[in-house]
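Q: Okay, handing you the structure first.
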Amino acid sequence: MSRLFVARNPRVAARCLDGEMMIMSGRDSTLFTLNRTATILWQAADGTTPLDEIVESKICPEFDVEPAEALQDAETLARELASHEILQISEEPIPSRSAVAGESR
Amino acid sequence: MPELTTEVERLSLVIEIGGMPVRVNTTDPGFLAMLERRYSGFWGSSEKAELEFDVELVQPGFVQHGFIQPGFGDPDAGVRVTHRRGRWSLTRGDFRADWEPAARKGWIRQSANPYSIDVVLRIVHSLVLAGQGGFLLHSASALRNGKAFLFAGVSGAGKTTISRLAPPDVTLLTDEISYVRKHDDGYVAFGTPFTGELAKLGENVSAPVAALYLLAQGPENRIDPVAPGDAARSLLANVLFFAEDEELVQAEFHSAFEFVSRVPVSRLTFVPDARVWELIR
Chain G
1 MSRLFVARNP
11 RVAARCLDGE
21 MMIMSGRDST
31 LFTLNRTATI
41 LWQAADGTTP
51 LDEIVESKIC
61 PEFDVEPAEA
71 LQDAETLARE
81 LASHEILQIS
91 EEPIPSRSAV
101 AGESR
Chain B
106 MPELTTEVER
116 LSLVIEIGGM
126 PVRVNTTDPG
136 FLAMLERRYS
146 GFWGSSEKAE
156 LEFDVELVQP
166 GFVQHGFIQP
176 GFGDPDAGVR
186 VTHRRGRWSL
196 TRGDFRADWE
206 PAARKGWIRQ
216 SANPYSIDVV
226 LRIVHSLVLA
236 GQGGFLLHSA
246 SALRNGKAFL
256 FAGVSGAGKT
266 TISRLAPPDV
276 TLLTDEISYV
286 RKHDDGYVAF
296 GTPFTGELAK
306 LGENVSAPVA
316 ALYLLAQGPE
326 NRIDPVAPGD
336 AARSLLANVL
346 FFAEDEELVQ
356 AEFHSAFEFV
366 SRVPVSRLTF
376 VPDARVWELI
386 R
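Structure follows, in structure tokens:
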């Protein structure tokens, strides 16, 4: 089974305020507020760490869920975020030049 | 031998909003007089204009393929603001404008009405402010005791009502579009000629922003705190921004967060009578 890599889309702006992650699309100014799981995924999405490792090291300890179930949910979430152009997903590592430019806290 | 060309007199008016003087040139005395009336109180000095727009007046028409065609223009057609190779293009059903920031020069094609140029000015100011950490906000604003207060809300939330209820010691900056400029560690609000239902120009004065109130009408007058995330969301929902430009969208996004980190944001619930102003000092 192939591994999935996720990276933050540098074409969005992001801010974390009081633990709440907000992201705005640079393309159409749509504003998104991420839930806790999506925030963890976003913050860990460096383009080089595979999704299954992110799930195992960041999501499972936080939510006390089975790795297989958590990975399935995380993949669904990652694809949804990618459909909104918040995340980039690939079966290959995503070059670091795509690292997020817009985030600050 | 008769002269082949006739020199046309160029007429100018400098419109200074938010401390930014913009010179508008026209060859039509009637249009100039219309602008002078429309922007009364916001005239600036012609020596220090930061931007200059030449207005070419055309018969009322509609924009098609970038050109104004004869016929009836639809001012409600969507605004498009795009940037390419150092030039901004601003279009709506009733005007076309181009602006080159580096040259500080722009051109507007519209019919002889005060509304089209008003929209162009709003857009140009919003673009300039976006690059400087400020913004135009869909809100009323007023000055009291040397401090500026902003009252944001969607149509019907009470911007015009609270403006109308202001006591005599309050100076109205606008009942519709607030002009917010970043200044040192804070923000300054300026009066604008951009009017709403009240149809009354704001005073051309400015003051440091002391608070942003999110308006709601209710059974009593009260001020409640707003969580930072909600404050940022509400502010972003009310910022006027037209450009299809990723860099400026990101700048505007971060400006909103900077603002809510420096300016208190609260929810102001009020009954529509003058007592609400007892809470605002």
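Chains G and B are the protein sequences, given in the same order.
Numbering follows our numbering, in which position 17 of the first sequence is assigned residue number 17; successive positions increment by one, without gaps.
Numbering follows our numbering, in which position 172 of the second sequence is assigned residue number 277; successive positions increment by one, without gaps.
From the three backbone atoms N, C-alpha and C, an ideal C-beta is built for every residue, glycine too.
Small disclaimer: the values here were computed from a predicted structure and weren't measured.
1) Could you pull the start and end residues of the beta strand (DSSP E) that valine 6(G) belongs to?
2) Using the C-alpha atoms, what's the distance from isoleucine 385(B) back to glycine 261(B)?
3) Could you give the distance in angstroms between the alpha-carbon of valine 55(G) and the alpha-carbon of arginine 367(B)?
4) Is there at least one Cβ from chain A nearer than 9 angstroms to histidine 188(B)'s Cβ?
5) Proline 175(B) to glutamine 164(B), Cα distance in whole Å?
6) Provide the residue span of the alpha helix (DSSP H) that contains arginine 269(B), from first to last.
7) For alanine 38(G), which residues in chain B fall below 9 angstroms Cβ to Cβ?
8) For chain G, find out if any of its Cβ atoms is closer than 9 angstroms to the Cβ of proline 369(B); answer yes or no.
9) Under the DSSP definition of a beta bridge, which residues are partnered with tryptophan 382(B)?
10) Nearest by alpha-carbon distance to alanine 356(B): which of Ala336(B), Glu141(B), Ser339(B), Gly238(B) is it?
11) Could you have a look at valine 100(G) and say whether DSSP puts it in helix, strand or coil?
12) Using 9 angstroms as the limit for Cβ to Cβ distance, is valine 365(B) near chain G?
13) Using a Cβ cut-off of 7 angstroms, pull out every chain G residue sitting near valine 285(B), in sequence order please.
14) Let me know the beta strand (DSSP E) ranges lying completely inside the region 311-386 of chain B, each 3 residues or longer, listed in chain order.
15) Can you tell me whether valine 119(B) is helix, strand or coil according to DSSP?
16) Determine the closest residue to proline 330(B) out of Val370(B), Ser311(B), Ala304(B), with distance taken between C-alpha atoms.
17) Expressed to the nearest angstrom, what Euclidean distance is found between the alpha-carbon atoms of aspartate 28(G) and leucine 353(B)?
18) Could you list which residues in chain B have their beta carbon closer than 8 angstroms to that of aspartate 18(G), in chain order?
19) Could you tell me which residues DSSP puts in a beta bridge with glycine 291(B)?
20) Can you name the start and end residues of the beta strand (DSSP E) that glycine 135(B) belongs to?
21) DSSP three-state label for proline 67(G), please.
22) Starting from arginine 36(G), trace the alpha helix (DSSP H) both ways and give me its first and last residue.
23) Are any of the Cβ atoms in chain G nearer than 9 angstroms to that of arginine 338(B)?
A: Once the coordinates are examined:
1) The residue labelled residue 6(G) in the question sits at position 6 within the first sequence. Here the beta strand (DSSP E) through valine 6(G) covers 5-8.
2) Residue mapping note: residue 261(B) aligns to position 156 of the second sequence, counting from 1. Residue mapping note: residue 385(B) aligns to position 280 of the second sequence, counting from 1. Between glycine 261(B) and isoleucine 385(B), the C-alpha separation is close to 20 angstroms.
3) Locating residue 55(G) in the first sequence gives position 55, where the first residue counts as 1. Locating residue 367(B) in the second sequence gives position 262, where the first residue counts as 1. Computed Cα separation, rounded: 36 angstroms.
4) Among the protein chains of the structure shown, namely G and B, there is no chain A.
5) Numbered from 1 along the second sequence, position 70 holds the residue referred to as residue 175(B). Numbered from 1 along the second sequence, position 59 holds the residue referred to as residue 164(B). Caution applies to proline 175(B), whose pLDDT of 49 falls short of 50 and renders its modelled position unreliable; the value that the coordinates give is listed next. Straight-line Cα distance between these residues: approximately 7 angstroms.
6) Within the second sequence, the letter at position 164 stands for residue 269(B). It spans 264-269 - the alpha helix (DSSP H) in which arginine 269(B) sits, taken as one unbroken run.
7) What you label residue 38(G) is simply residue 38 of the first sequence in a count that begins at 1. Chain B residues near alanine 38(G): none, gap ~14 angstroms exceeds 9 angstroms.
8) Stepping through the second sequence from its first residue, residue 369(B) is reached at position 264. Cβ-Cβ to chain G under 9 angstroms: no for proline 369(B).
9) The count along the second sequence starts at 1 and reaches residue 382(B) at position 277. DSSP output for tryptophan 382(B) lists no bridge partner at all.
10) By 1-based counting over the second sequence, the position of residue 356(B) is 251. Considering only alpha carbons, the answer is Gly238(B).
11) In the first sequence, residue 100(G) corresponds to position 100, counting from 1. Only weak support exists for where valine 100(G) lies, its pLDDT of 46 falling under 50; the coordinates are left without a value.
12) The count along the second sequence starts at 1 and reaches residue 365(B) at position 260. Chain G, which has a Cβ nearer than 9 angstroms to the Cβ of valine 365(B), makes this yes.
13) For this step, residue 285(B) is matched to residue 180 along the second sequence. Here the premise fails: no neighbours, minimum Cβ distance about 18 angstroms.
14) For the region 311-386 of chain B, whole beta strand (DSSP E) runs of length 3 or above, ordered along the chain, are 311-322, 327-330, 370-375.
15) Indexing the second sequence from 1 puts residue 119(B) at position 14. Valine 119(B): strand per DSSP, three-state reduction.
16) Locating residue 330(B) in the second sequence gives position 225, counting from the first residue. Minimum Cα distance to proline 330(B) is reached at Val370(B).
17) In the first sequence, counting from the first residue as 1, residue 28(G) sits at position 28. In the second sequence, counting from the first residue as 1, residue 353(B) sits at position 248. For aspartate 28(G) and leucine 353(B), the distance between alpha carbons rounds to 12 angstroms.
18) Numbered from its first residue, the first sequence carries residue 18(G) at position 18. The answer, in chain order, is Ala332, Pro333, Gly334.
19) Here residue 291(B) refers to the residue found at position 186 when the second sequence is read from its first residue. Answer is His288(B), bridged to glycine 291(B).
20) Here residue 135(B) corresponds to residue number 30 of the second sequence, with the count starting at 1. Glycine 135(B) -> not in any beta strand (DSSP E); alpha helix (DSSP H) instead, spanning 134-143.
21) Residue mapping note: residue 67(G) aligns to position 67 of the first sequence, counting from 1. Reduced to three states, the DSSP call for proline 67(G) is helix.
22) Indexing the first sequence from 1 puts residue 36(G) at position 36. Element bounds for arginine 36(G): 36-44.
23) Walking along the second sequence from the start, residue 338(B) turns up at place 233. It does; some Cβ of chain G falls within 9 angstroms.
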